[in-house]
Amino acid sequence: MESMMIYMPIVMALVGLAYMMVKKSWVMKQDAGDGKMKEISDHIYEGALAFLKAEYRLLTLFVIGVSILLFIVSTIVPSTHWLIVIAFIVGAFFSALAGNMGMKIATKTNVRTTQAARTSLPNALKVSFGGGTVMGLGVAGLAVLGLTAFFILFYNFFMGGAWTNTHDMTIVLETLAGFSLGAESIALFARVGGGIYTKAADVGADLVGKVEAGIPEDDPRNPATIADNVGDNVGDVAGMGADLFGSYVATVLAAMVLGNYIIDVNDISIFKGFGSIGPILLPMAIAGAGIVISLLGTMLVSIKDNAAKENEVMGALNKGNWFSIALVAVSCYGLVTWMLPETMKMNFFEAEGDILKDITAMRVFYATIVGLIVGGVISSVTEYYTGLGKKPILNIVEKSATGAGTNIIAGLATGMISTFPTVILFAMAIWSSYAFAGFYGVAMAASAMMATTAMQLAIDAFGPIADNAGGIAEMSEQDPIVRERTDILDSVGNTTAATGKGFAIASAALTSLALFAAYVTFTGIDGINIFKAPVLAMLFIGGMVPVVFSALAMNAVGKAAMEMVYEVRRQFKNIPGIMEGTGKPEYDKCVEISTNASLKEMMLPGILTIGFPLIITFIPMLFGMDNLMIAEMLGGYMAGVTVSGVLWAIFQNNAGGAWDNAKKSFEAGVMINGEMTHKG
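Residues in the sequence shown are numbered consecutively from 63, following this note's numbering.
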C-alpha cells in the first residue's frame, strides 16, 4: 500500500477530471433558451475564443524562446537536465489548456443560466455553479496530474524509482521546476492580457453607454456590450484559471523541495515506507485528497427558496467551502501522521545561526491547520470589505452623496485599511507555521490552503458566468424577473471574485515565502543580509516593481478604453437607428479593439516582471561579482517584490470590489438621508 502511495495523487486527479466530464455533460444538456439568446451567447463565445487564439499564438513564440534558453542553461548548470525543457513546455501547455477549458465551459453555461433564471433562482444557481465546478476540477485535476506524472517520470529516470541521495533528488526537483515555470509564465500573460481586455471593455462600455447615452448596462444598443461580456470570460475565468494553476503547482513544488531538505538532515532510516520520501510525497498527497474533497463540497451548494437574496446565496457557497476546509483538515491529520515519522529533525534559522530541532509529525499537522484557518478567515475578511450590504460598502454609498470626489476617497481608504487585518493574518500564519515546523511548516500551510483550489475556483468562476447571464437577459429583452435573479447571483459573484482574488493573494504570499526558503536551500547562501548595500538596493528595487507594474497595467487599460470610447461614439453617431433599436451595432469592431490593445499592451508589464531578475543576475556576473553575493542580491529583490506586491494586491483588490458593489447598491436603490437615491 505504502509503495503505491506515489500514484495516489494521479488517481485522485483522474477522479476529479472524470467527475468534471460528468458535470460538463450535465451542464451542456440544460436548455440554452431561444434563438436570440443563443445568438448572443455565440457572439460572446466567438469573441473569447478569438482572443485566446491570438494570445496563445504570441505565447507560443515566448515558450519557444524560453525553451531554447532553458536548454542552454541545462548544459551549463550541473544540477539541471535538458528534460527541464520538456517539463516547461508541458507546464505551459497545461496552464493554457486549463484556462481555455474554463473559458469554453463558462461561455456555454452563461446562456443556460439565463434560461434557468426564467424558471427559478435555485435553478440558475445550480447551472452557473455547475459551470464553475467544471472549471475548478479541471484546473486542479490537470495541475496534480501533470506535476505527479512528471515527478514519477523523473524519479524513475534519475533515481531508478528508489531513494539514492538528496543530490539526485535535487536534480529531480530542479528539473520538475520547469513544469512550474511553464505554468507561471502562461499565468502571468493570461492574467495581465485578460485583465486589460476585461477592464478596457468594461470602462469603454460604461463611459459611453451608461454615462453619456444614458442606456442601461448590457443594453443591446451599446456596441461594446459583447466585448464587455467577452472580457468577463478571458479575464475572470481564463486568467484566474491559469493564475491559480500556476500558484497550485508552485506551492506543492516548494513543499517538496523543503521535504527533500528534511530528509537530508535526518538519518534516512527514520523515513520507513513510502520509498523513504514521505516528506516529499506528502504535499502531493494532500493536493490529491483536496480534489476529491472539493468535489464533495460542490455537491452541497444549493438553495431552495426562490425568493432568496444575496445572503442566502452566499451562505450556500460558504457551506460548501467550509465543509471542504474542514474535511481537508481531517485528511491532513491522517496523511501527516501516516506519512511522516513521529519525530524528525528540522532546520531553523535563529539568531545564533542554523540549528536543528526535533519536531513531531503533529507539529506539521498544526502548521497545515494554520494555513486552512488563515485561508478561510482571509476570504471572510475580503467578503466583509467587498460584500453587498456590509459596513464598508454602505460607507462608500453614504460618502457618494456629496459627489465623485468623496466616493473616490472612501473607496481608496477602504482598500488601504483592508490591508491591516489581512497582513496581520499573514504575519500570524507565517510566524506560527514556522514556529511549528520551520519553513517546511510554512510550505505545508500553503499546501493545505491550496488543497481546496478546485472549490475556490468553482466559487470564483460562477461570478462571471452569472454576470454574462445577466447581460444575455438584458440583450435578449427577457422579463424583468430574469434580470433580477441574475443580478442577485452577479452581486454575490462580485464578492466571490474579490474573495477569490483574496485567496489567490493569500496563497501566493505563503507560497512566495516557501519558495524563498527553497531558493535559499538551492543556492546554499546562509541568509539575506540587508546591511549589505547591494542587497538593500535590490530590496528597494523589488519594492518598486509591483508599483510600476500596476501603473503600466492601468495605463494599458486607459489607452485601450479610450480607443473603445471613440469607437462606440463613432457608431452611435454614424449608424442610423442605433439608439432607436432599429440599427444593428458593429459588435465585432469593439471586440477587435479590446483584443488587439490587450495583446499589445500586456507585453511591457510581462517583460518588466521577467527582465529585472535576469538583469540582477547576469549583469553583476559580467563584472565578476561573487555568485553567492548575486544570489543574496536576488533574494533581496524577491523580498521587496513579495512585500510590496502583497500590499498592493490587497489594496487594489478590495478597493475595486468595494466600489463595484457600491455601484450595485445604487442600481438597486439605496436610502441616503431618508431619500431614495438613484434606482437603475
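Yeah, the Cβ is synthetic: ideal placement off N, Cα and C, and Gly gets one too.
Using a threshold of 8 Å, state whether the C-beta atoms of S462 and A304 are closer than that.
-> Along the sequence shown, read from residue 1 onward, the residue named residue 462 stands at position 400. Along the sequence shown, read from residue 1 onward, the residue named residue 304 stands at position 242. Contact flag unset, no.
Thinking just about the alpha-carbon of each residue, which of L344, E729 and G433 is nearest to the one in V398?
-> Sequence index remark: in the sequence shown, residue 398 carries index 336 (1-based). Nearest C-alpha to V398: L344.
Tell me whether L418 sits in a helix, a strand or coil according to DSSP, three-state version.
-> Translated into the one-based positions of the sequence shown, residue 418 becomes position 356. Looking at L418 - three-state DSSP - the assignment turns out to be strand.
Starting from I248 and walking both ways along the alpha helix (DSSP H), at which residues does that stretch end?
-> For the purposes of this step, residue 248 is taken as the residue at position 186 of the sequence shown. T228 to A267 is the span of the alpha helix (DSSP H), which, as asked, contains I248.
Which word fits Y628, buried or exposed, when buried means at least 16 other C-beta atoms lie within 10 angstroms of its C-beta?
-> As a working note, residue 628 is residue 566 in the sequence shown. When all chains shown are included, Y628 counts as exposed.
Would you call the segment 359 to 366 and the segment 328 to 342 in contact, with 3 or more CB pairs under 8 Å?
-> no
Endpoints, the alpha helix (DSSP H) within which K371 is located | On the sequence shown, residue 371 is found 309 positions in, with the first residue counted as 1. Counting along the chain, no alpha helix (DSSP H) covers K371, and no H or E run does either.
In chain order, what residues of the same chain lie with their CB nearer than 8 Å to the CB of N383, ignoring the 5 residues before and after it?
-> Your numbering for residue 383 matches position 321 in the sequence shown. These residues qualify, in order along the chain: G359, G438, S441, T514, M517, Q518 and I521.
Work out the CA separation of P278 and G742 for me, nearest whole Å.
-> Looking up residue 742 in the sequence shown gives position 680. Looking up residue 278 in the sequence shown gives position 216. Per-residue confidence for G742 stands at a pLDDT of 49, beneath the threshold of 50, marking its modelled position as unreliable; no derived number is given.
Ordered along the chain, which non-local residues of its own chain (more than five positions away) have a Cβ less than 8 Å from that of L76?
-> Translated into the one-based positions of the sequence shown, residue 76 becomes position 14. Excluding sequence neighbours, L76 sits near G203 and L207.
DSSP three-state assignment for F751, whether helix, strand or coil = The chain is shown only over 63 to 742; residue 751 falls outside these bounds and no answer can be derived.
State the Cα-Cα distance for the pair L159 and L114, rounded to the nearest angstrom.
-> The sequence position of residue 159 within the sequence shown is 97, counting from 1. The sequence position of residue 114 within the sequence shown is 52, counting from 1. Approximately 11 Å, taken between the alpha carbons.
N- and C-terminal bounds of the alpha helix (DSSP H) containing Q540 = Within the sequence shown, residue 540 is the residue found at index 478, counting from 1. In the DSSP assignment, Q540 falls outside any alpha helix (DSSP H) and carries neither an H nor an E.
In whole angstroms, what is the alpha-carbon distance linking M70 and I348?
-> To locate residue 70, count along the sequence shown from 1; it is residue 8. To locate residue 348, count along the sequence shown from 1; it is residue 286. Those two C-alpha atoms are separated by around 10 Å.
Under the assumption that M197 contacts V299 (Cβ atoms under 8 Å), give the Cβ distance between them as a whole number of angstroms.
-> What you label residue 197 is simply residue 135 of the sequence shown in a count that begins at 1. What you label residue 299 is simply residue 237 of the sequence shown in a count that begins at 1. 7 Å between Cβ atoms; contact.
Assuming G308 and A245 form a contact by the criterion Cβ under 8 Å, report the distance between their Cβ atoms to the nearest whole angstrom.
-> In the sequence shown, the residue the question calls residue 308 occupies position 246. In the sequence shown, the residue the question calls residue 245 occupies position 183. Confirmed, about 4 Å.
Taking the alpha helix (DSSP H) that T448 falls in, what are its first and last residues?
-> Looking up residue 448 in the sequence shown gives position 386. It spans A423 to T448 - the alpha helix (DSSP H) in which T448 sits, taken as one unbroken run.
Using only alpha-carbon positions, find the residue among I353, A369, E372 and K371 that is nearest to L389.
-> As a first step, residue 389 must be located in the sequence shown, where it is residue number 327. Considering only alpha carbons, the answer is I353.
Other residues of its chain near A618: CB distance less than 6 Å, five sequence neighbours each side excluded = By 1-based counting over the sequence shown, the position of residue 618 is 556. Excluding residues within five positions, the ones whose Cβ falls inside 6 Å are I258 and E663.
How would you call H105, buried or exposed, if buried means at least 16 neighbouring beta carbons within 10 angstroms?
-> Numbered from 1 along the sequence shown, position 43 holds the residue referred to as residue 105. Label assigned to H105: buried.
Using a Cβ-Cβ cut-off of 6 Å (strictly less than) and excluding sequence neighbours within five positions of L709, which residues of its own chain qualify?
-> By one-based count along the sequence shown, residue 709 stands at place 647. Cβ within range, chain order: T481.
E460 to A510, Cα distance in whole Å?
-> Within the sequence shown, residue 460 is the residue found at index 398, counting from 1. Within the sequence shown, residue 510 is the residue found at index 448, counting from 1. E460 and A510: Cα-Cα distance of roughly 40 Å.
For N373, count neighbouring Cβ atoms within 10 angstroms of its own Cβ and tell me buried if that reaches 16, exposed if not.
-> The residue given as residue 373 occupies position 311 in the sequence shown. It is exposed - the Cβ of N373 has fewer than 16 other Cβ atoms within 10 Å.
Along the chain, where does the alpha helix (DSSP H) that runs through M683 open and close?
-> Here residue 683 refers to the residue found at position 621 when the sequence shown is read from its first residue. M665 to L684 is the extent of the alpha helix (DSSP H) around M683.
Helix, strand or coil at M774 [DSSP, three-state] = No answer is possible for residue 774: the residues shown for the chain start at 63 and end at 742.
If S494 sits next to V432, beta carbons under 8 Å apart, how far is it from one beta carbon to the other, in whole angstroms?
-> Translated into positions along the sequence shown, residue 494 becomes position 432. Translated into positions along the sequence shown, residue 432 becomes position 370. At roughly 5 Å, the Cβ-Cβ gap stays under 8 Å, so S494 and V432 are in contact.
Cα-Cα separation, L487 to A566 = The residue labelled residue 487 in the question sits at position 425 within the sequence shown. The residue labelled residue 566 in the question sits at position 504 within the sequence shown. For L487 and A566, the distance between alpha carbons rounds to 15 Å.
Beta carbon of D290, beta carbon of D264: below 8 Å?
-> Here residue 290 corresponds to residue number 228 of the sequence shown, with the count starting at 1. Here residue 264 corresponds to residue number 202 of the sequence shown, with the count starting at 1. In contact: D290 and D264 (Cβ atoms closer than 8 Å).
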